[in-house]
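Those protein sequences? They're chains V and E, same order as listed.
Residue 183 in this note's numbering is what sits at position 19 of the first sequence, and the numbering runs on without skipping anything.
Residue 21 in this note's numbering is what sits at position 16 of the second sequence, and the numbering runs on without skipping anything.
C-beta: ideal position from N, C-alpha, C; glycine also.
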Amino acid sequence: MVEVPPEWIQRSQGGEAEYFDRLVEAYQAPVYNLCLRMLGNPGDAEDAAQEAFWRAYRAIRRFDPRRPFGTWLLAIAAHHCIDLLRRRKAPTVSLEALVPPQELRDPSPGPELTAERAERERTLTATIQKLDPEDRAALIMRYWYDMSYEEMSQVLSLSTGAVKSRLHRARRTLADLWASTQPKADPPRRRPDAAPAF
Amino acid sequence: MPHLPFEDWLFTEEVLSLEQEEALRGHLRECPACRQLATSRAESEAALREMAIAQPRRDFLERWTQMRQQREEAGRRLWHAWLVLALCGAGALILAAILGLQLVALVLSPIHLAAELARLATSLASQVTVAEVLWSVLLQGARQLVPMPVWAGLVVSLGLLCALWVLVILRFDVQGVQK
């Protein structure tokens, strides 16, 4: 997780908006990534991330500096995404979502992904969207942010036991869905000299 | 073939005992369904760990700053609008309280109320008569003193002032709050 000087947080709490802008700059990637993995759509993710920062900006005076700022920010973003997902009547799929996320990222040259890896990422993004919002949030926090059960329970406002149970269910569902997206093994080929089947 | 508790062990993060591990290995050797599940878990987790943190668009911070400033401005306008509304409401309440107290005092003594109503009616009638007389005198005098084009100019200027007033209210108050 990103580390920022505590002074930035203190000054933001004192009402200096420029320091909160610095916090936005520092945390934009983790917050956007969480929203993208939760919502599965770059446009919605960008709007959700902006809204999460606005909510954090309004609530910064109530932030307890003894807590990790990143976890607090991700909690706001996660709850906002869960609310959005609950309000959605049906899952929406945009044209952007059909394009591999890596291709939508920074257009400057970077480490190239192989076609197979990009395809796997696209499949996984689509598969994650089928999970329950809170299970999805638990999975994302575990695998992208390496959060402990205690941190996840704080972020999701759940007990540690409930987090473990959600994570267990999310893994199980993901494995089932993953298996259904993988091509089935080819049946044994008939030898050309074999007798016809009819 | 019973899959419990092996399915649970496949998806737990708890450390299994040596006996549990051995039992799970034995079960996986015999059960193709659980073996498939174990493979799917391993593959999906490997794919999860492979995915990097996605980056937002380059203008994310710029968009944030613009949004913050716009929302702060809208908040300020809304606060001003509420302040004006609250002051108007307070004024109206004070006026209503004063009038209400007088009305209560009048209602409590019916003779006093009748006398007050009669006095009010007489006063209104006399004021209307005075206004009519003054208006006719003014009209006659003004018609002789002020030429017609000046009258027309005055009326047009008053109309324009009214229109300007309405426009200013619309521009700086109603539309400002909507933004």
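For this session: Let me know the secondary structure DSSP gives P232 of chain V once reduced to three states.
Result: coil
Problem set entry | CB contact check: H332 of chain V to chain A, cutoff 8 angstroms | You won't find chain A in this structure, because its protein chains are V and E.
For this session: Can you give me the start and stop residues for the alpha helix (DSSP H) that P220 of chain V sits inside?
Result: It should be pointed out that residue 220 of chain V corresponds to Ala in this sequence rather than to Pro. For A220 of chain V, the enclosing alpha helix (DSSP H) stretches over residues P206 to A223.
For this session: Below 7 angstroms between beta carbons is the criterion; list the residues of the region 152 to 164 of chain E that meet it against any residue of chain V, in chain order.
Result: none
Problem set entry | Min CB distance L187 of chain V to chain E below 8 angstroms | no
Problem set entry | Check whether W14 of chain E and L33 of chain E have beta carbons under 8 angstroms apart | no
Problem set entry | Proximal residues of chain V, C-beta to C-beta of W140 of chain E below 7 angstroms | The premise fails here: W140 of chain E is roughly 59 angstroms from chain V at the closest Cβ pair, so nothing lies under 7 angstroms.
Exercise. What three-state label does DSSP hand E50 of chain E in the structure shown?
Worked result: The answer is helix: DSSP assigns E50 of chain E an H, G or I state.
Problem set entry | Per-residue burial, I99 of chain E [other beta carbons within 10 Å of its own, 16 or more giving buried] | exposed
Exercise. Just curious, the alpha helix (DSSP H) that R252 of chain V is in, first and last residue?
Worked result: Taken as a continuous stretch (DSSP letters only), R252 of chain V belongs to no alpha helix (DSSP H), as it is neither H nor E.
Exercise. In this structure, does DSSP put D13 of chain E in helix, strand or coil?
Worked result: helix
Exercise. Is it buried or exposed for P206 of chain V, if we count other Cβ within 10 angstroms and need 16 for buried?
Worked result: buried
Problem set entry | Selection of the region 10 to 40 of chain E by Cβ proximity to chain V, strictly under 9 angstroms | E12, D13, L15, F16, T17, E18 and E19
For this session: Would you mind sorting E267 of chain V into buried or exposed? The rule is 16 or more other CB atoms within 10 Å of its CB.
Result: In this prediction, E267 of chain V has a pLDDT of 41, which is less than 50 and means its spatial position is unreliable; what the coordinates show is noted afterwards. So E267 of chain V ends up on the exposed side.
Exercise. Shorter than 8 angstroms from the beta carbon of N205 of chain V to some beta carbon of chain E?
Worked result: no
Problem set entry | Contact the region 218 to 231 of chain V vs the region 324 to 333 of chain V: 3+ CB pairs below 8 angstroms | The region 218 to 231 of chain V makes no contact with the region 324 to 333 of chain V; the number of CB pairs closer than 8 angstroms stays below 3.
Exercise. Grouping DSSP H, G and I as helix and E and B as strand, with all else coil, what is R62 of chain E?
Worked result: coil
Exercise. Is there at least one Cβ from chain V nearer than 8 angstroms to A59 of chain E's Cβ?
Worked result: Chain V has a Cβ within less than 8 angstroms of the Cβ of A59 of chain E.
Problem set entry | Under 7 angstroms (Cβ pairs) to chain E, residues found in the region 204 to 234 of chain V | Hits within the stretch, in order: E210, A213, Q214, F217, W218 and Y221.
Exercise. Does any CB atom of chain E fall closer than 8 angstroms to the CB of E167 of chain V?
Worked result: no
Problem set entry | Coarse secondary structure for P347 of chain V, derived from DSSP in three states | Three-state result, P347 of chain V: coil.
For this session: Identify whether E78 of chain E lies in helix, strand or coil by the three-state DSSP scheme.
Result: Of the three classes helix, strand and coil, the one that applies to E78 of chain E here is helix, per DSSP.
Problem set entry | Whole-angstrom distance between M311 of chain V and E210 of chain V, CA atom to CA atom | 23 angstroms
Exercise. Which residues in chain V sit within 9 angstroms of L66 of chain E, going by Cβ to Cβ distance?
Worked result: D185, V188, E189 and Q192
Exercise. What's the gap between the Cα of Q60 of chain E and the Cα of M72 of chain E?
Worked result: 20 angstroms
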